[in-house]
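**Q**
There are 2 protein chains.
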Amino acid sequence: MARKRMRNRPSPHGPNPDQVAKITQPKWTLPPYEIASTEQLQLLHDKSMQILEEGGIAFYDEESVQILEQHHVKIVDQIAYFDRAQVMEYLAKAPSQFVWSGRNPEHNVVLGGDHVVFAPVVGPPFIRDLDRGRRDGTLQDLQNLIKLSQTIPYMHSLGAENVVPSDVPIEYRHLETMYALLTYGDKPVMGVYHTGPIAADTLALAKIMYGEETLRHNHVLHCVVNVSSPRRLDDRMLSMLIQFARHNQIVDVTPFILSGAMGPVSILGTVAQLNAEALAGIVFAQMANPGTPCIYGSFQAVLDLQSGAPVFGAPESQLALYLSAQLARMYNLPFRAAGAYASSKIIDAQGAYESVMAMFPSMLVRPNFILHAAGWLEGGLTVGYEKFVLDCELLGMYHRYLQNVSWEEDEWALDMIINEVPPGGHHLGSSHTMRHYRTAFYRAGLFDYDSAEAWEASGSIDSIQRANQKYKQLLRQYEKPDLDPGTDEALRDFIERRKQEL
Amino acid sequence: MARKRMRNRPSPHGPNPDQVAKITQPKWTLPPYEIASTEQLQLLHDKSMQILEEGGIAFYDEESVQILEQHHVKIVDQIAYFDRAQVMEYLAKAPSQFVWSGRNPEHNVVLGGDHVVFAPVVGPPFIRDLDRGRRDGTLQDLQNLIKLSQTIPYMHSLGAENVVPSDVPIEYRHLETMYALLTYGDKPVMGVYHTGPIAADTLALAKIMYGEETLRHNHVLHCVVNVSSPRRLDDRMLSMLIQFARHNQIVDVTPFILSGAMGPVSILGTVAQLNAEALAGIVFAQMANPGTPCIYGSFQAVLDLQSGAPVFGAPESQLALYLSAQLARMYNLPFRAAGAYASSKIIDAQGAYESVMAMFPSMLVRPNFILHAAGWLEGGLTVGYEKFVLDCELLGMYHRYLQNVSWEEDEWALDMIINEVPPGGHHLGSSHTMRHYRTAFYRAGLFDYDSAEAWEASGSIDSIQRANQKYKQLLRQYEKPDLDPGTDEALRDFIERRKQEL
Chain Z
3 MARKRMRNRP
13 SPHGPNPDQV
23 AKITQPKWTL
33 PPYEIASTEQ
43 LQLLHDKSMQ
53 ILEEGGIAFY
63 DEESVQILEQ
73 HHVKIVDQIA
83 YFDRAQVMEY
93 LAKAPSQFVW
103 SGRNPEHNVV
113 LGGDHVVFAP
123 VVGPPFIRDL
133 DRGRRDGTLQ
143 DLQNLIKLSQ
153 TIPYMHSLGA
163 ENVVPSDVPI
173 EYRHLETMYA
183 LLTYGDKPVM
193 GVYHTGPIAA
203 DTLALAKIMY
213 GEETLRHNHV
223 LHCVVNVSSP
233 RRLDDRMLSM
243 LIQFARHNQI
253 VDVTPFILSG
263 AMGPVSILGT
273 VAQLNAEALA
283 GIVFAQMANP
293 GTPCIYGSFQ
303 AVLDLQSGAP
313 VFGAPESQLA
323 LYLSAQLARM
333 YNLPFRAAGA
343 YASSKIIDAQ
353 GAYESVMAMF
363 PSMLVRPNFI
373 LHAAGWLEGG
383 LTVGYEKFVL
393 DCELLGMYHR
403 YLQNVSWEED
413 EWALDMIINE
423 VPPGGHHLGS
433 SHTMRHYRTA
443 FYRAGLFDYD
453 SAEAWEASGS
463 IDSIQRANQK
473 YKQLLRQYEK
483 PDLDPGTDEA
493 LRDFIERRKQ
503 EL
Chain G
3 MARKRMRNRP
13 SPHGPNPDQV
23 AKITQPKWTL
33 PPYEIASTEQ
43 LQLLHDKSMQ
53 ILEEGGIAFY
63 DEESVQILEQ
73 HHVKIVDQIA
83 YFDRAQVMEY
93 LAKAPSQFVW
103 SGRNPEHNVV
113 LGGDHVVFAP
123 VVGPPFIRDL
133 DRGRRDGTLQ
143 DLQNLIKLSQ
153 TIPYMHSLGA
163 ENVVPSDVPI
173 EYRHLETMYA
183 LLTYGDKPVM
193 GVYHTGPIAA
203 DTLALAKIMY
213 GEETLRHNHV
223 LHCVVNVSSP
233 RRLDDRMLSM
243 LIQFARHNQI
253 VDVTPFILSG
263 AMGPVSILGT
273 VAQLNAEALA
283 GIVFAQMANP
293 GTPCIYGSFQ
303 AVLDLQSGAP
313 VFGAPESQLA
323 LYLSAQLARM
333 YNLPFRAAGA
343 YASSKIIDAQ
353 GAYESVMAMF
363 PSMLVRPNFI
373 LHAAGWLEGG
383 LTVGYEKFVL
393 DCELLGMYHR
403 YLQNVSWEED
413 EWALDMIINE
423 VPPGGHHLGS
433 SHTMRHYRTA
443 FYRAGLFDYD
453 SAEAWEASGS
463 IDSIQRANQK
473 YKQLLRQYEK
483 PDLDPGTDEA
493 LRDFIERRKQ
503 EL
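Heads up: the protein sequence lines correspond to chains Z and G, in order. Residue numbers for the first sequence follow our numbering, so the first one is 3 and each next one is one higher. Residue numbers for the second sequence follow our numbering, so the first one is 3 and each next one is one higher.
(1) Between the Cα of L54(Z) and the Cα atoms of P425(G), L270(G), R440(G), which residue gives the shortest distance?
(2) If you measure between the beta carbons of K29(G) and D116(G), is that distance less than 7 Å?
(3) What does a CB cutoff of less than 8 Å around A38(Z) pick up in its chain, not counting 5 residues either side in sequence?
(4) Excluding the 5 residues preceding and the 5 following L485(Z) in the sequence, name in chain order all residues of the same chain whose CB lies nearer than 7 Å to its CB.
(5) Just confirm the distance between the C-beta atoms of L305(G) and A263(G), as a whole number of angstroms; I'd bet it's less than 8 Å.
(6) Exposed or buried, which one is P155(Z) when buried takes at least 16 other CB atoms within 10 Å?
(7) If you scan the segment 245-271 of chain G from start to end, which runs of the beta strand (DSSP E) of 3 or more residues do you find wholly inside it?
(8) Is it the case that the segment 190-205 of chain Z contacts the segment 175-182 of chain Z, given that we only count it when at least three CB pairs across the two stretches are under 8 Å?
(9) Does the CB of P266(Z) have a neighbour CB from chain G at under 7 Å?
(10) Can you name the start and end residues of the beta strand (DSSP E) that I81(Z) belongs to?
(11) According to a CB-to-CB cut-off of less than 7 Å, which residues of the segment 411-442 of chain Z neighbour chain G?
(12) Determine the closest residue to R494(Z) out of K95(Z), D203(Z), G310(Z), P199(Z), with distance taken between C-alpha atoms.
(13) In chain G, which residues lie less than 8 Å from G262(Z) when you measure between Cβ atoms?
(14) For a cutoff of 7 Å on Cβ pairs, would you count I505(G) as touching chain Z?
(15) Quick one: what does DSSP say V358(Z) is sitting in, helix, strand or coil?
(16) What is the rounded straight-line gap between the Cα of G125(Z) and the Cα of S433(Z)?
(17) Extract the residue ranges of the alpha helix (DSSP H) inside the segment 386-424 of chain Z, only unbroken runs of 4 or more that lie entirely within it.
(18) Please classify I466(G): does DSSP put it in a helix, a strand, or coil?
(19) Anything in chain Z within Cβ reach of S241(G), meaning under 9 Å, just list it in chain order.
(20) Between M90(G), L207(G), Y343(G), which has its C-alpha nearest L498(G)'s C-alpha?
(21) With a cut-off of 7 Å, does the C-beta of L207(G) fall near any C-beta of chain Z?
(22) Under 8 Å: do the segment 247-260 of chain Z and the segment 292-308 of chain Z share three or more Cβ pairs, one atom per stretch?
(23) Starting from Y92(Z), trace the alpha helix (DSSP H) in both directions and tell me its first and last residue.
(24) What does the Cβ neighbour count give for P487(Z), buried or exposed, with the cut at 16 atoms within 10 Å?
(25) Which one or two residues does DSSP pair with T384(G) in a beta bridge?
(26) Measuring only the C-alpha atoms, how far is F314(G) from W378(G)?
(27) Using a C-beta to C-beta distance shorter than 8 Å, which residues of chain G count as neighbours of G271(Z)?
(28) Quick one: Cα of Y62(Z) to Cα of M242(Z), how far?
(29) Check whether the Cβ atoms of S50(G) and A278(G) sit closer than 7 Å, and answer yes or no.
(30) For A23(Z), which residues in the same chain have their Cβ closer than 6 Å to its Cβ, ignoring the five residues on either side in sequence?
(31) Residues of chain Z with CB closer than 9 Å to the CB of E163(G), please, in chain order.
(32) Are G341(Z) and A303(Z) closer than 7 Å when you measure CB to CB?
(33) Please list the segments of the beta strand (DSSP E) lying wholly inside the segment 109-197 of chain Z, counting only runs of 3 or more residues, in order along the chain.
(34) On a CA-only basis, which of N291(G), Q145(G), Q502(G), F286(G) is nearest Q88(G)? Give me that one, please.
(35) Measuring only between beta-carbons, confirm whether M361(G) sits less than 7 Å from chain Z.
(36) Are the beta-carbon atoms of R402(Z) and F371(Z) separated by less than 7 Å?
In structure tokens form, the structure reads like this:
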């Protein structure tokens, strides 16, 4: 190992993670699944360092190059060559866990350490449901998806633009998106942040919502910096990263590598490159502002050589994820693992197989953040209403799974097994069953367990039809959280003023 | 640990597992996922021993009770009270791995050690496909399912009655089932074995097919002994077990526990009871014939309290499976893990989510045998043609997954990452990609990776429709393996004679 696992580093500012006790946020107690030996992990680290030292990472942004030069990084033609001592020095400044605050403090969550956070799909231009098929997303759709995340207890965050609201003019789309995120729910929000200027507007709205002082000492926004693999960060990403880092907001550095296109066709080469790219982004964030809360993200799929499409839930990706998670754990950085990704256009058998094949491995590696935990279809081009609520059944199951086995004495039920229930008897009404049955098992309400006869008699309703009814029922149940009218007015004033300017 | 992990015990008879090198049979090289500490595992073992010593296991069969008494097991009212020293003494006689032979030796597989065997669904009375819905199974359906297992390379066995052929009179149904298994394919076969007399006919047919000497020295049949939990083995199961054990054929002891009904609602209690029951069956097989090749099976689901139905793919079952696998590994016994179980009536999203949630955990525990690896629907009441071929795509992916990460030097592709592909470039035509792309990724042929536009233009064909076409195409591709006409005639003669008698 290049270095010992770093000690727990508390966030320099804001609330103390140890004091954010969330009954709904799963806490990891299972052992992490690790497939690389210490020597193999060291080798992966060394090869990544070689990529950083000899290959370098392009920073196509003037201000970023200046920051790198101020921190004595060697730059040739906008390519930064980090040496490994530098990398380790700056990684040590990143907190290992921190609090992500929502508008309602009861929804605050811990990012990092042993804590797991689920967030919904982010980014698709299209939306699909049974009633209307696939179409451009609208502001109404975005609001609906925020309402679903706000209502479903297994979702811990509202994410960012869960669908692109195409009916809002592009010049001020980010403002209406951010307004929807801030007002339709009160769970933690990521924000809108495609470029530096957009990030600035997002930060301005957050300042109005939370107040300048609160914003300074709390992490209330969370941007994803996608490295444009291979080995490139562009000015849009970098200008946004700098703004978030300087405002002490969360920077999630996630290379997107499609093995065979943006990286080699091999697992090892892909993971080494992904590691180099993720670390370069995190080191840069620490140079922009030491102590910036960062997340190490892994987003990897393989190339389908017949169609050129990304393949999600592939076995190669499962193995790559295990390795990436081990690296992030070695660096003691919060780790973003894979969500319920699917290549399928619809949530049929393929879509469901892919989603679990993509996400179950994440549940094995002590993940800290799962973006796109529900709703994702068609390689991220589409969000499905039905897929969203079906995936949330998985999230409910994972909440139970992450509770681990209870080793309480009463769990043995030995007296019942040995003395109370005879051979061939049953445990249905036994004393132990009566004590525990209400809480013993997670029940997936969207899944049908009726007999085939009863199921056919009631119309042979399949999962997607049930999910169609369910998402509409959840929208009816939704309650809008209160918002101080003065704050709302101030948000609207800012937005209307910016609309005039843009 | 009650005892050190037992040394590798070769099978006393027949082919040497080390010499059965199957390119298609996956070999386990990943580390097993283990969630219990050594102390916790010891506790699980101790509690199971307490169940055997104080609760005992009912053996409702006269001959079995005699066998137990001959081996000094304490019997009161047909309940056997094993002491832990006895259990350990007899477990040590069970081989840790052995060869399961097919009619074609090229299809022989190793059961145990680091080897994984997939077998199809066994037992459903009903069959379903898109064209005809759900209906009683027929002999034609059974033949079709055998043809699919024979044709699909990711299936290593033909299993047993993949569907009950209801159009064959019940008196001699087992004979026609066994004939179909022996003649429509040449991969390893389990057999038909619901009772002692049926097992005797199955053994007689195997004797005709393989010859008496071969049968004596090879494991060509494989029965599943389902303990009737809690703590009961009935005369049907026991008489069949004794026949298989005395003929040196494989005995797979698998308690079926629906937590909340046949076992407690807790994970720990369920696993302790399941362990006691599985060990009792294996110990008894060793008493019936020392060295009998045995499998330690875990079949556990939870009870849906609203419908009373078994729930498959539940998070509680995933955790229970990890514990059972650790116990089997401690005893150095071949372990049967969970297959692609689903409660769903059809292979919609629910069916697919459940199947992966049930089977992916098996891929983490160094499994040796996966029965019901394809086709299972409706809690095992129905086999689906489309489900069968869709699940086989998962088996293909698991074959790739089980290959683990390659740590070959060329896998790093460092020269390509550092020197050949510039920042923002692509790896599509690079030298490393050209060398490896043909074999780099598993491709799921049944999954659609086209764009949404192309997919819609070609009719928006969903997974189940594609699978419907696929299974028919596989049936057309099927080639019947050669069979010596004299042997065929002898099999038919035996069957016709038995039909007269029955």
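Glycine is no exception: its CB is placed at the ideal position from the N, C-alpha and C atoms.
**A** In short:
(1) P425(G)
(2) yes
(3) L46, Y324, L325, Q328
(4) T185
(5) 5 Å
(6) exposed
(7) 252-255, 258-261
(8) yes
(9) yes
(10) 81-83
(11) E413, W414, A415, L416, M418, I419, I420, V423, P425, G426, G427, H428, H429, L430, H434, T435, H438, Y439, A442
(12) D203(Z)
(13) H429, L430, T435, Y439, A442, F443
(14) Residue 505(G) lies beyond the stretch modelled for chain G, which goes from 3 to 504, so this question has no answer here.
(15) helix
(16) 51 Å
(17) 387-404
(18) helix
(19) Those do not exist, as S241(G) stays about 17 Å from chain Z at its closest Cβ, beyond 9 Å.
(20) One detail in the question is off: residue 498(G) reads as Glu in this sequence, not Leu. Nearest C-alpha to E498(G): L207(G).
(21) no
(22) yes
(23) 86-93
(24) exposed
(25) F128(G), L379(G)
(26) 11 Å
(27) E413, W414, A415, L416, M418, I419, H434
(28) 13 Å
(29) yes
(30) The predicted position of A23(Z) is uncertain, since its pLDDT is 43 and thus under 50; a value taken from the coordinates is nonetheless stated next. No residues qualify anywhere along the chain.
(31) Those within 9 Å of E163(G) in chain Z number zero; the least Cβ separation is about 20 Å.
(32) no
(33) 111-114, 128-131, 135-138
(34) F286(G)
(35) no
(36) no
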